[in-house]
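Trainee: My questions all concern the structure below.
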């Protein structure tokens with residue numbers, strides 16, 4: 593693989609006496625859409641924190657855009673969306689436009705105003721996630737899935753090259769999950785954003801992603817979508833350490 597946009601090499605991490613990640617090798621090519629799957633406690637969130645520079649590996653190294661993470665400073669090139677929808681304060685007094693615009697605070701400064709181009713970028717980000725009709729709606733009035741779309745717009749308004757999403761469908765109605773993944777697919781293909789999606793939904797992970805990584809302390813599998821689809825249920829069950837049934841949620 594030539595010049596991966598993220599390169600995790602032989603990384604291990606432990607909390608006190610508990611080994612969470614061991615000898616992880618993971619290279620993510622530019623423009624890819626990686627589905628990161630694994631059971632609760634498998635180390636997925638820890639791996640994200642390591643990639644985001646919130647934790648330091650106790651063994652191994654991480655490179656972002658070809659640079660050691662210890663020297664990397666251009667964090668505006670990476671966007672992050674956490675599990676916000678199911679815990680967001682619905683009384684928060686801000687419109688969709690205002691929430692998305694807040695994603696530019698670091699760029700414009702706390703007490704400065706947006707110029708015409710920045711305002712256009714806010715509207716463009718809102719359009720990219722399909723929230724145009726709600727642009728002046730208070731975010732607390734929106735559904736969980738709609739709120740997550742707004743948080744994604746906030747994360748991409750500064751035009752990052754990588755977008756990391758930690759279980760973004762938590763709080764999203766089942767009937768809207770497929771539309772949510774289609775929106776992410778659009779961001780990946782049309783805007784060229786490299787996506788890392790942490791998910792428990794094994795059935796939908798192959799619908800849109802280009803690559804899959806199965807993590808459970810060790811990296812049990814990492815390959816493209818076609819390789820993943822060839823895995824048998826017994827293989828997945830050995831990764832997860834319990835029986836796994838693969839279901840597809842994609843409908844015509």
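In my numbering, the protein residues as written are 593 to 844.
Glycine is no exception: its CB is placed at the ideal position from the N, C-alpha and C atoms.
No experiment lies behind these values; they were computed from the predicted model shown.
Can you find at least 3 beta carbon pairs, one from the region 755-766 and one from the region 790-801, that sit closer than 8 Å?
Mentor: Taking 8 Å as the limit for Cβ pairs, the verdict is that the region 790-801 does touch the region 755-766.
Trainee: Quick one: Cα of residue 615 to Cα of residue 652, how far?
Mentor: The straight-line gap from Cα to Cα measures roughly 8 Å.
Trainee: Once DSSP output is grouped into helix, strand and coil, what is the label at residue 844?
Mentor: Confidence at residue 844 is low in this model, with a pLDDT of 41, below 50, so its placement is unreliable and the value that follows should be read with caution. In the structure shown, residue 844 sits in coil (DSSP, three-state: anything other than H, G, I, E or B).
Trainee: Which of helix, strand or coil does DSSP assign to residue 659?
Mentor: Strand.
Trainee: For the region 799-807 and the region 772-785, state whether three or more C-beta atom pairs, one from each stretch, are separated by less than 8 Å.
Mentor: Taking 8 Å as the limit for Cβ pairs, the verdict is that the region 772-785 does touch the region 799-807.
Trainee: Let me confirm a value: residue 606 is counted as buried when at least 16 other C-beta atoms fall within 10 Å, else exposed. Which label applies?
Mentor: Residue 606 comes out exposed.
Trainee: Would you say the region 817-832 touches the region 646-663, given that touching needs at least three Cβ pairs under 8 Å?
Mentor: In short, these stretches do not touch, since the Cβ pair count stays below three.
Trainee: Rounded to whole angstroms, how far is the Cβ of residue 691 from the Cβ of residue 731, which I believe are closer than 8 Å?
Mentor: With 8 Å as the limit, residue 691 and residue 731 qualify as a contact, their Cβ atoms being about 5 Å apart.
Trainee: Taking the alpha-carbon positions, what's the residue 762 to residue 735 distance?
Mentor: C-alpha separation (whole angstroms): 12 Å.
Trainee: Work out the CA separation of residue 810 and residue 723 for me, nearest whole Å.
Mentor: Rounded to whole angstroms, residue 723 to residue 810 spans 38 Å at the Cα level.
Trainee: What are the boundary residues of the alpha helix (DSSP H) that residue 720 is part of?
Mentor: First-last of the alpha helix (DSSP H) with residue 720: 708-720.
Trainee: Just to confirm the assignment: which complete beta strand (DSSP E) runs, minimum length 3, are found wholly within the region 771-808?
Mentor: Segments of the beta strand (DSSP E) lying fully in the region 771-808: 786-791 and 803-808.
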